[in-house]
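Inspection log for the structure reproduced underneath, given as structure tokens.
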Amino acid sequence: MTKTILLAVSGSISAYKAADLTNQLSKFGYDVHVLMTKAATDFITPLTLQVLSKNPVHLDVMKEQDSKIINHIELAKQADLFILAPASANTIAHLAHGFADNMVTATALALPLATPKLFAPAMNTKMYDNPLTQRNIETLKEIGYREIEPRSSLLACGDIGRGALADLDTILEVVQSIL
């Protein structure tokens, strides 16, 4: 039986890596459904992820494709795994505080408690190390999310430090170990 993965993409320069992640997950035989925040669409087009996943990309919690189906609820029910990659500081904060103001956060809140949930942060080192972000990360862990920790690297902003999205091989290993 094919496993369904909800890949949530938030606004980070690392969003372009969601294309390769989507492609690899699809090649492994997973049914990948991509959810995007508005900010993510500034970094990568939904069409790219739609072509690679062979599924519609979900952008707006208020737009339903079928009036008989509440999209974010149905997606949450079908998910064998939820992964937020990249996970921006903003989306981590929204999840940690229960906001449901976009497709990613509304779907995450609708997930059954037993559904495995992963997040892979990607942001500037100072943002990642900020006590507020660290508190939000701990909150997510306390409610059952598993962090795939960022790498130390030269970041897009020119800083060197922890905050780069984990290597895709690492993310794929974690996904396969769960599924």
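Numbering-wise, the sequence shown is residues 1 to 179 according to UniProt numbering. Idealized CB from N, CA, C, for every residue including glycine. This one's a predicted model, so the numbers in the text were calculated from it and none came from an experiment.
For residue i, the three-state DSSP class (helix, strand or coil)
i: Tyr30; result: coil
i: Glu142; result: helix
i: Leu81; result: strand
i: Lys117; result: strand
i: residue 194; result: It is not possible to answer for residue 194, since the shown part of the chain is limited to 1 through 179.
i: Val57; result: coil
Straight-line Cα distance separating residue j from residue i
i: Leu47; j: Val57; result: 8 Å
i: Gln24; j: Arg135; result: 32 Å
i: Asn102; j: Leu95; result: 11 Å
i: Ala15; j: Ala85; result: 8 Å
i: Leu7; j: Asp129; result: 25 Å
CB contact flag (residue i, residue j, <9 Å)
i: Val34; j: Val61; result: no
i: residue 183; j: Thr4; result: Residue 183 is absent from the model: the chain starts at 1 and stops at 179.
i: Thr45; j: Val104; result: no
i: Ala89; j: Met127; result: yes
Cut-off 7 Å between Cβ atoms - residues of its own chain near residue i, not counting five sequence neighbours on either side
i: Ala166; result: Ala120, Ile148, Glu149, Pro150, Arg151
i: Leu52; result: Ala19, Thr22, Asn23, Ser26
i: Asn124; result: Leu155, Cys157, Asp159, Gly163
i: residue 180; result: With the chain covering only 1 through 179, there is no way to say anything about residue 180.
Nonlocal neighbours in the same chain, by C-beta distance under 8 Å from residue i, ignoring five residues either side
i: Tyr145; result: Leu95, Lys117, Leu118, Phe119
i: Thr2; result: Gly29, Tyr30, Asp31
Chain-order list of residues whose beta-carbon lies under 6 Å from that of residue i (same chain, five-residue window excluded)
i: Ala76; result: Thr107, Ala110, Leu111
i: Ala40; result: Val9, Ser10, Gly11, Ala15
Exercise. Quick one: which unbroken beta strand (DSSP E) runs of 3-plus residues sit fully inside the segment 31-55? Chain order, please.
Key: 31-36
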